Amino acid sequence: MVWGEESGGGFSLVEHPIPARHLAAPLHRHSREDEYSYVLEGRLGALLGDDVIYAEAGDLAFKPRNQWHTFWNAGDTVCRILEIISPAGFEHYFAEVAAAAGSREVLGARYGVDVDFDRVPGLCEEHGLRFPRTA
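So the sequence shown is numbered by this note's numbering: it starts at 6 and just counts up by one.
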């Protein structure tokens, strides 16, 4: 919605519609960006470090850089969030992953993100989620 090039690099804004009871991303941490998730509709669940939080429409969840985190739709209807990423740049990661433009290791190194796919099955089981992507 807002590319870093449009904001002078200060931030980007991405909308994420998340299907009911779906894990939106594997457990990961960013070394360069902070993320803020503003819930437009539905119920967002998030693991922030060791803490699980829930956010409803109108709530803002802060995911600081260097903290392991993930997020999911904790409800039975679509959850839509606006993701504010600061500073900008990481928004291009989503396009590259969707286009399969490189291995996850290469993309992770390029964007300064570590990913832990090993915890996905346990997170899904614990919170009653689906994660359709493969590791």
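Cβ coordinates follow ideal geometry from the N, Cα and C atoms, glycine included. Please read all numbers here as calculations on a predicted model, not as lab measurements.
Check, Outcome
"Counting C-beta neighbours from all protein chains within 10 Å, is the total for residue 78 16 or more, i.e. buried, or is it exposed?", "buried"
"Relative to the alpha-carbon of residue 76, which residue among 136, 7, 28 and 127 has its alpha-carbon at the smallest distance?", "28"
"In the DSSP assignment, find the unbroken alpha helix (DSSP H) run with residue 112 in it and report its ends.", "109–116"
"Just verifying my parser: in three-state terms, what is the DSSP assignment at residue 134?", "coil"
"Just to confirm, is the Cβ distance from residue 44 to residue 60 under 8 Å?", "yes"
"Is the beta carbon of residue 117 sitting closer than 8 Å to the one on residue 9?", "no"
"On the DSSP letters alone, give me the boundaries of the alpha helix (DSSP H) that residue 83 sits inside.", "Unbroken run through residue 83: none, as it is neither H nor E."
"When the Cα atoms are used, what is the spatial distance from residue 47 to residue 21?", "12 Å"
"Buried or exposed: where does residue 139 fall if 16 or more other Cβ atoms within 10 Å of its Cβ makes it buried?", "For residue 139, the predicted structure reports a pLDDT of 42, less than 50, and the residue's modelled location is therefore unreliable. A value from the coordinates is still provided. Exposed, by the Cβ-count rule."
"Report buried or exposed for residue 65, applying the criterion of at least 16 other Cβ atoms within 10 angstroms of its Cβ.", "exposed"
"State yes or no: is the C-beta of residue 120 within less than 8 Å of the C-beta of residue 113?", "yes"
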